[in-house]
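J.: Chains as they are written, first to last, in the numbering used here: chain C, 1 to 323; chain W, 1 to 323; chain Y, 1 to 323; chain D, 1 to 323.
Ideal Cβ placement from N, Cα and C applies to all residues, glycine included.
Protein chains: 4
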Amino acid sequence: MDQVFNAVRTDLALEAREMLTKRVQEEIPGVLVETSEDDDVVITRVNITTPAAEKMMGKMQGKYITIEAPGLRYKNTPLQEKIMKFLADELVAMVNLPRNATVLIVGLGNWNVTPDALGPRAAHKIVVTRHLQEMLSPELKGGVRSVCAIAPGVLGITGMETAEIIQGIVSNIKPSLVIAIDALAAASSQRVITTVQLANTGIHPGSGVGNKRFGLTQSSLGVPVIAIGVPTVVHASTIAMDTINTLQEHAAFGRYFKSMANLSDQDRQTIVRQVLPEMLGDLMVTPKEVDRLIEDIAAVVAGGINQAMHPNIDYENIHMYLH
Amino acid sequence: MDQVFNAVRTDLALEAREMLTKRVQEEIPGVLVETSEDDDVVITRVNITTPAAEKMMGKMQGKYITIEAPGLRYKNTPLQEKIMKFLADELVAMVNLPRNATVLIVGLGNWNVTPDALGPRAAHKIVVTRHLQEMLSPELKGGVRSVCAIAPGVLGITGMETAEIIQGIVSNIKPSLVIAIDALAAASSQRVITTVQLANTGIHPGSGVGNKRFGLTQSSLGVPVIAIGVPTVVHASTIAMDTINTLQEHAAFGRYFKSMANLSDQDRQTIVRQVLPEMLGDLMVTPKEVDRLIEDIAAVVAGGINQAMHPNIDYENIHMYLH
Amino acid sequence: MDQVFNAVRTDLALEAREMLTKRVQEEIPGVLVETSEDDDVVITRVNITTPAAEKMMGKMQGKYITIEAPGLRYKNTPLQEKIMKFLADELVAMVNLPRNATVLIVGLGNWNVTPDALGPRAAHKIVVTRHLQEMLSPELKGGVRSVCAIAPGVLGITGMETAEIIQGIVSNIKPSLVIAIDALAAASSQRVITTVQLANTGIHPGSGVGNKRFGLTQSSLGVPVIAIGVPTVVHASTIAMDTINTLQEHAAFGRYFKSMANLSDQDRQTIVRQVLPEMLGDLMVTPKEVDRLIEDIAAVVAGGINQAMHPNIDYENIHMYLH
Amino acid sequence: MDQVFNAVRTDLALEAREMLTKRVQEEIPGVLVETSEDDDVVITRVNITTPAAEKMMGKMQGKYITIEAPGLRYKNTPLQEKIMKFLADELVAMVNLPRNATVLIVGLGNWNVTPDALGPRAAHKIVVTRHLQEMLSPELKGGVRSVCAIAPGVLGITGMETAEIIQGIVSNIKPSLVIAIDALAAASSQRVITTVQLANTGIHPGSGVGNKRFGLTQSSLGVPVIAIGVPTVVHASTIAMDTINTLQEHAAFGRYFKSMANLSDQDRQTIVRQVLPEMLGDLMVTPKEVDRLIEDIAAVVAGGINQAMHPNIDYENIHMYLH
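Okay, here's the thing in structure tokens:
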């Protein structure tokens with residue numbers, strides 16, 4: 001994959017496909033796409049089905065479901081509840097989980113860096129029940145799966161790769177499934193906080209706001225790993241690259257300067273490096289209200305997971321039973 | 001001042017001058033500049049001396065001192081202590097404060113949005129002593145000024161303009177001086193977290209990460225207001241505008257496309273709006289490690305203020321005496 | 001009032017009366033009491049109507065309404081909503097507030113000390129609207145009062161008495177009413193977190209977990225002040241004194257040692273001082289789960305105030321309109 | 001061990017021995033004690049050497065070193081640095097650690113409950129280096145051990161026993177030593193925050209503010225475990241029991257009521273239960289300033305560990321090298 005294409009970095013399969021089809025001007029072989037939508041929400045299913053498609057897309061083979069709802073940027077309780085339900089339904093459909101399975105939820109990222117805090121904040125809102133299984137009455141047990149959760153912190157704080165920590169815990173706790181929640185980078189600022197991506201591929205190296213060095217996948221952990229992510233940032237280099245691309249589109253229409261159409265990939269890289277000299281890639285672009293937005297979307301993500309995990313529960317009263 | 005120039009927004013007088021001189025290709029009348037430097041640090045004094053210069057620069061008439069130290073991005077204790085000392089010295093030189101004056105420190109910004117949290121975090125590290133004045137022994141009193149501090153929160157949280165809150169407190173507490181600490185926006189990503197600006201102009205409307213609607217100035221508060229700020233973000237629109245400018249410079253040298261040299265201000269605005277459609281100006285660019293960086297620089301800012309306020313104190317033991 | 005009686009310190013008028021009537025073995029002249037209850041909740045109205053009663057009770061003349069619900073210790077959504085409603089109703093009945101009045105909510109206490117953080121946490125959950133009044137449509141305005149809120153921090157952090165800060169803000173903002181939220185001390189551990197007290201007396205000196213040195217009252221602020229408090233601690237000295245009293249009750253029944261009935265007030269003080277030597281009064285007794293409990297009860301308090309302030313609003317969607 | 005003795009609960013071996021010797025009026029066989037002191041600090045070494053002594057003391061066989069410094073309650077930098085040095089020296093003497101060993105630091109307890117937050121806060125201040133070993137220059141490596149750290153959260157938040165999580169991580173990371181930091185309960189309020197206990201026994205079930213259900217010991221983890229703890233609370237039942245004991249001492253001297261000397265253990269339990277009815281044991285007694293005190297003592301504990309782990313480093317500049 002060429003470097004320039006990488007300069008517009010995205011963790012969304014949806015966007016990777018958009019950029020690639022725009023670039024090659026045709027559908028990508030081995031990538032299946034389905035879309036359904038209503039007034040508030042667009043759901044897109046991208047299925048990467050061949051190793052060749054994996055290589056072209058720069059995303060692991062597997063299913064990626066993207067729920068986009070621009071209204072999530074505003075505190076809109078009914079829409080939030082609708083997205084929770086959608087997320088729960090997609091999650092249930094994606095895994096075939098027995099009643100008595102144990103599920104480990106992993107909140108990736110850094111509590112202390114607001115745009116990277118989605119994982120830890122969502123993990124904190126998970127209804128954990130694994131330690132209560134013996135105490136639950138049989139009728140309650142029907143609706144309460146054994147769920148545990150951890151937000152292990154990032155490499156710079158622990159000195160351990162997240163993958164090392166989670167491998168250790170998985171080998172001891174032996175869950176049937178891991179669900180990893182992570183803050184992502186999008187290519188488009190309009191998808192920031194408004195999009196939830198669900199993937200059966202796990203987390204791959206280099207992804208996320210914190211750019212993981214090792215992945216959390218079925219092959220590294222020995223159990224299936226579902227990744228749930230929400231873009232919270234755009235890379236600064238993406239903004240610069242987008243500006244060039246926009247100029248170039250105008251050029252294509254002869255608006256400003258024809259010659260720009262000939263700008264090579266390397267030329268574009270050179271310009272971006274000049275705009276963002278030393279810190280290329282270390283700068284992230286995020287909304288000013290990021291704290292409130294992350295708190296709200298963390299509640300949506302956790303709510304969706306809770307519903308998928310504990311389906312037959314009266315949520316009004318769940319905490320009463322559990323204490 | 002034209003709108004396009006504003007698209008590259010900066011709260012640093014230093015940068016406003018740089019951009020303006022580049023644009024008009026000559027020194028700005030009524031703007032005096034002095035620079036001194038050593039291996040680690042550059043200190044620049046920008047003095048805006050006329051109403052005409054105020055208008056051209058888009059910055060209030062007054063003195064702006066900028067301490068730039070790229071090394072502040074790394075946890076470097078000796079450099080941090082050096083900058084604290086410089087800041088204390090400049091602060092003492094800027095105000096002629098009697099021994100028995102009371103000083104109110106105001107931490108502007110939002111605790112919960114990391115890049116906007118500089119003010120509250122620094123205010124929290126101030127050695128407050130106003131409530132202890134009666135208890136202090138006379139020999140200690142010589143080195144301990146009466147200092148109080150508040151971080152009132154932002155408009156969206158309080159429903160009150162910060163200026164309204166501070167006006168009320170000032171009219172009741174009657175300090176001789178207000179020092180307002182705020183997170184700023186820079187034009188250059190390299191100045192983020194590495195630069196401290198000290199100004200005798202107070203805080204003016206529209207400045208800071210949170211974009212104040214009302215200023216904190218001698219005319220609004222009735223007492224002198226020193227503003228101490230550190231850039232913690234670059235506006236996303238600045239990155240886009242920078243990219244265009246960089247392309248244009250190449251164009252000037254005939255590198256890619258001559259015609260771009262003719263791009264009008266309005267053309268550039270159009271392109272930036274297209275790259276950052278709905279959220280223009282609401283996105284901020286900030287380093288990934290913003291939490292640690294802000295914690296460190298807040299300690300430098302608070303340390304400089306503490307030294308300036310309480311000059312003759314044994315800092316090792318200050319807390320012992322005070323409890 | 002004698003010192004020994006004070007050793008069992010309480011901020012609840014309900015408890016002050018209980019202790020006093022137990023002590024003097026009769027009803028207190030000038031103190032009116034009314035109780036109503038259902039399965040989950042007891043509401044007690046204590047009205048201190050004379051200066052003599054004020055002196056005996058050690059509580060300012062005025063109305064104190066106590067809502068007790070032991071179930072609040074468990075996360076019980078329907079009960080929480082019921083208490084919110086009760087609190088809103090009592091609040092509306094206590095003040096006769098015009099539609100267009102501005103109300104200032106003050107969260108007293110220290111964010112960083114969990115049992116003292118009720119005020120700041122509840123203030124943070126208030127729907128503030130004062131800054132939006134001009135933007136609200138007329139039909140929305142009918143249900144949305146002008147509300148602002150601040151959590152100014154405590155004396156040790158600001159160097160200013162809370163009363164000084166609030167006086168300044170009140171004189172500038174000119175609200176029609178101040179509602180002050182504070183964490184309280186109870187005499188009985190069973191009332192901790194399960195009780196909400198509403199009083200039209202404001203906050204008086206010496207009350208609260210942080211022991212205010214100056215009050216927030218109509219006479220100090222010039223506008224009516226409603227105090228809403230929840231006990232979050234019991235003083236350690238209360239536990240010690242309770243133990244002695246319990247022994248003494250047994251003694252009265254001749255169970256263990258008759259002579260103990262003769263223990264003087266001073267004897268009891270001596271023993272308490274010996275048990276809690278240096279730190280008498282600086283230790284607080286609080287539940288281990290204090291963080292979760294305070295978060296929940298802060299939501300109840302803020303919810304009650306929000307309903308009282310903004311009666312005709314669709315709470316599902318309030319945030320949508322307001323953004 | 002009888003129940004009454006347990007009612008005064010302590011995690012300090014020092015106090016367990018004090019109470020036991022007072023009770024049995026003689027030295028405990030198999031318990032060796034050594035004390036050294038200077039103006040500010042008392043160091044006591046309690047060595048429990050036999051299974052019989054373990055049973056009597058209710059503390060695991062092993063060495064317990066207690067550093068008591070009442071001055072730690074006041075922010076006294078020189079004293080804090082002295083205690084850090086003492087702690088580092090004792091830690092180095094307790095373990096015989098090769099240069100190239102990896103050490104895992106575990107911060108036990110709940111971030112969100114201030115008196116239980118010592119472990120997480122101290123862990124956060126550890127200089128972690130395991131991930132940097134490859135990057136370190138050989139001369140730096142001499143002074144920088146491979147250290148990693150985690151604060152896994154408590155059972156109610158994760159659904160997993162801390163021991164399960166740490167076992168998993170230890171089996172994957174394979175450290176040579178685990179150091180577990182925990183908030184403790186003392187019997188005496190004067191030892192709260194002023195005492196650091198170091199033990200080569202690990203953490204045993206039932207200890208700490210959060211009352212662990214499973215221990216972290218060499219037998220559960222397969223590697224040596226050093227426990228470092230600081231009492232941050234006294235149990236409320238301890239205050240009640242202390243009050244009775246104080247009365248009883250007076251009784252012994254015939255001061256108030258002779259018959260009290262005959263109070264049986266069960267009588268005393270009955271009284272304590274009556275004073276602290278429902279919540280017996282769930283209430284903790286802690287200083288009002290607990291937030292600041294824990295922050296300071298966490299820095300002392302982390303500083304001592306950092307010095308012991310990375311002995312030959314210029315601490316002024318450590319962070320410079322490491323970034």
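Give the secondary structure of His323(Y) by DSSP, where H, G and I count as helix, E and B as strand, and everything else as coil.
T.: The count along the third sequence starts at 1 and reaches residue 323(Y) at position 323. Residue confidence for His323(Y) is low, a pLDDT of 36 falling below 50, so the modelled location carries little weight and cannot support an answer.
J.: Please confirm if Asn172(W) has its CB atom under 8 Å from at least one CB of chain C.
T.: One-based indexing of the second sequence puts residue 172(W) at position 172. Not closer than 8 Å to any Cβ of chain C, the Cβ of Asn172(W) fails to qualify, so no.
J.: Any idea what DSSP makes of Leu324(W), helix, strand or coil?
T.: Shown here, chain W extends from 1 to 323; a query on residue 324(W) therefore has no answer.
J.: Please say whether Pro231(W) and Arg191(W) have beta carbons closer to each other than 8 Å?
T.: The residue you call residue 191(W) lines up with position 191 of the second sequence. The residue you call residue 231(W) lines up with position 231 of the second sequence. Closer than 8 Å, so yes.
J.: Give me the residue from Thr243(W), Lys63(W) and Leu87(W) with the minimum Cα distance to Val196(W).
T.: Here residue 196(W) corresponds to residue number 196 of the second sequence, with the count starting at 1. Among Thr243(W), Lys63(W) and Leu87(W), the Cα nearest to that of Val196(W) is on Leu87(W).
J.: Pick helix, strand or coil for Val128(C), following the three-state DSSP scheme.
T.: Here residue 128(C) refers to the residue found at position 128 of the first sequence. Correct three-state label for Val128(C): coil.
J.: According to DSSP, simplified to helix, strand and coil, what is Ile43(C)?
T.: In the first sequence, residue 43(C) corresponds to position 43, counting from 1. If DSSP states are grouped into helix, strand and coil, Ile43(C) belongs with the strands.
J.: Buried or exposed: where does Asn112(Y) fall if 16 or more other Cβ atoms within 10 Å of its Cβ makes it buried?
T.: As a first step, residue 112(Y) must be located in the third sequence, where it is residue number 112. It counts as buried.
J.: Measure the Cβ-Cβ separation of Val301(Y) and Ile181(Y) and say whether it is below 8 Å.
T.: On the third sequence, position 301 is the one that residue 301(Y) refers to. On the third sequence, position 181 is the one that residue 181(Y) refers to. Going by C-beta atoms, Val301(Y) is nearer than 8 Å to Ile181(Y).
J.: With DSSP run on the structure shown, which of helix, strand or coil describes Ile228(W)?
T.: Here residue 228(W) corresponds to residue number 228 of the second sequence, with the count starting at 1. In this structure, Ile228(W) counts as strand in the three-state DSSP scheme.
J.: Could one say the Cβ of Val272(W) lies closer than 8 Å to chain Y's Cβ atoms, at least one of them?
T.: As a working mapping, residue 272(W) is identified with position 272 in the second sequence. No, its Cβ sits nowhere closer than 8 Å to a Cβ of chain Y.
J.: Could you check if Gly303(W) is buried or exposed, using at least 16 other CB atoms within 10 Å of its CB as the buried criterion?
T.: As a first step, residue 303(W) must be located in the second sequence, where it is residue number 303. Its Cβ being crowded by 16 or more others within 10 Å, Gly303(W) is buried.
J.: If distances are taken between C-alpha atoms only, which option among Ser171(Y), Met84(Y), Gly229(Y) and Asn110(Y) comes closest to Tyr64(Y)?
T.: If you number the third sequence from 1, residue 64(Y) lands on position 64. Per the Cα distances, Gly229(Y).
J.: Could you give the DSSP three-state label for Gln133(Y): helix, strand or coil?
T.: Counting from one through the third sequence, the residue named residue 133(Y) turns up at place 133. Correct three-state label for Gln133(Y): coil.
J.: What residue range is occupied by the uninterrupted beta strand (DSSP E) comprising Ala180(C)?
T.: Counting from 1 along the first sequence, the entry for residue 180(C) is found at position 180. Element bounds for Ala180(C): Leu177 to Ala186.
J.: Kindly say whether Val128(Y), judged by its beta-carbon, lies nearer than 8 Å to any beta-carbon of chain W.
T.: Position 128 of the third sequence, counted from the start, is the residue given in the question as residue 128(Y). So yes, Val128(Y) belongs to the interface.
J.: Ala163(W) to Asn211(D), Cα distance in whole Å?
T.: Within the second sequence, the letter at position 163 stands for residue 163(W). Within the fourth sequence, the letter at position 211 stands for residue 211(D). Straight-line Cα distance between these residues: approximately 49 Å.
J.: So which residues on chain Y does Lys288(D) lean against when the C-beta distance must stay under 8 Å?
T.: As a first step, residue 288(D) is located in the fourth sequence; it is residue number 288 there, counting from the start. Residues of chain Y passing the Cβ test: Val113, Asp116, Val209, Gly210, Asp282, Leu283 and Met284.
J.: For Ile62(C) and Ile28(C), I'd like the C-alpha separation in whole angstroms.
T.: To locate residue 62(C), count along the first sequence from 1; it is residue 62. To locate residue 28(C), count along the first sequence from 1; it is residue 28. With the sequence shown as reference, residue 62(C) is identified as Gly, and Ile is not the correct amino acid for it. Cα to Cα, the separation comes out at about 15 Å.
J.: Closest to Thr66(D) by C-alpha separation, out of Leu12(D), Ala53(D) and His204(D), would be which residue?
T.: On the fourth sequence, position 66 is the one that residue 66(D) refers to. Checking every option, the nearest Cα to that of Thr66(D) belongs to Leu12(D).
J.: Any chance the segment 70-90 of chain W sits against the segment 111-125 of chain W, with 3 or more Cβ pairs inside 8 Å?
T.: The segment 70-90 of chain W vs the segment 111-125 of chain W: no contact.
J.: Determine which residues of the segment 150-175 of chain D have a Cβ less than 8 Å from any Cβ of chain C, and write them out in chain order.
T.: If the cut-off is 8 Å between Cβ atoms, the segment 150-175 of chain D has Ile150, Ala151, Pro152, Gly153, Leu155, Gly156, Ile157, Thr158, Gly159, Met160, Glu161, Glu164, Ile165, Gln167, Gly168, Ile169, Val170, Ser171, Asn172 and Ile173 near chain C.
J.: Using 10 angstroms around the beta-carbon of Met56(W), count the other beta-carbons present and answer buried if the total reaches 16, otherwise exposed.
T.: As a working mapping, residue 56(W) is identified with position 56 in the second sequence. Classification of Met56(W): buried, given that the 10 Å Cβ count is 16 or more.
J.: Is Gly107(W) helix, strand or coil by DSSP?
T.: Residue mapping note: residue 107(W) aligns to position 107 of the second sequence, counting from 1. Reduced to three states, the DSSP call for Gly107(W) is strand.
J.: Given a threshold of 16 other Cβ atoms within 10 Å of its Cβ, counted over all protein chains shown, does Gln25(Y) qualify as buried or as exposed?
T.: Mapped onto the third sequence, residue 25(Y) falls at position 25. It is exposed - the Cβ of Gln25(Y) has fewer than 16 other Cβ atoms within 10 Å.
J.: Give the DSSP-derived three-state secondary structure of Glu26(D) in the structure shown.
T.: For the purposes of this step, residue 26(D) is identified with residue 26 of the fourth sequence, where counting begins at 1. Coil.
J.: Indicate the three-state DSSP secondary structure (helix, strand or coil) for Leu12(C) in the structure shown.
T.: Residue mapping note: residue 12(C) aligns to position 12 of the first sequence, counting from 1. It is coil, neither helix nor strand.
J.: If you draw a straight line from the C-alpha of Phe5(C) to the C-alpha of Arg99(D), how long is it?
T.: Mapped onto the first sequence, residue 5(C) falls at position 5. Mapped onto the fourth sequence, residue 99(D) falls at position 99. Summary for Phe5(C): the model assigns pLDDT 40, below 50, so the residue's position carries little reliability, and this model does not support an answer.
J.: Please list the terminal residues of the continuous beta strand (DSSP E) segment that includes Lys63(W).
T.: Against the second sequence, residue 63(W) aligns to sequence position 63. First-last of the beta strand (DSSP E) with Lys63(W): Gly62 to Glu68.
J.: DSSP on Ala117(Y), reduced to helix/strand/coil?
T.: For the purposes of this step, residue 117(Y) is identified with residue 117 of the third sequence, where counting begins at 1. Coil.
J.: Measuring CA to CA, which of His310(D), Leu104(D), Pro115(D) and Asp40(D) is closest to Leu184(D)?
T.: Taking the fourth sequence and counting its residues from 1, the one referred to as residue 184(D) is at position 184. Minimum Cα distance to Leu184(D) is reached at Pro115(D).
J.: Please determine, among Thr35(D), Met19(D), Glu134(D) and Met94(D), the residue with the shortest C-alpha to C-alpha distance to Asn200(D).
T.: Counted from its first residue, the fourth sequence places residue 200(D) at position 200. The shortest C-alpha separation from Asn200(D) is found at Met94(D).
J.: Provide the residue span of the beta strand (DSSP E) that contains Val31(C), from first to last.
T.: By one-based count along the first sequence, residue 31(C) stands at place 31. Per DSSP, Val31(C) belongs to the beta strand (DSSP E) from Val31 to Glu37.
J.: Helix, strand or coil: how does DSSP classify Val234(W) here?
T.: The residue you call residue 234(W) lines up with position 234 of the second sequence. In this structure, Val234(W) counts as strand in the three-state DSSP scheme.
J.: If we count the other Cβ atoms within 10 Å of its Cβ and call it buried at 16 or more, is Gly215(C) buried or exposed?
T.: Taking the first sequence and counting its residues from 1, one reaches residue 215(C) at position 215. Its Cβ being crowded by 16 or more others within 10 Å, Gly215(C) is buried.
J.: Residues of chain C with a CB under 7 Å from the CB of Val147(D): which are they?
T.: Along the fourth sequence, one-based indexing puts residue 147(D) at 147. What Val147(D) touches in chain C: Gly159.
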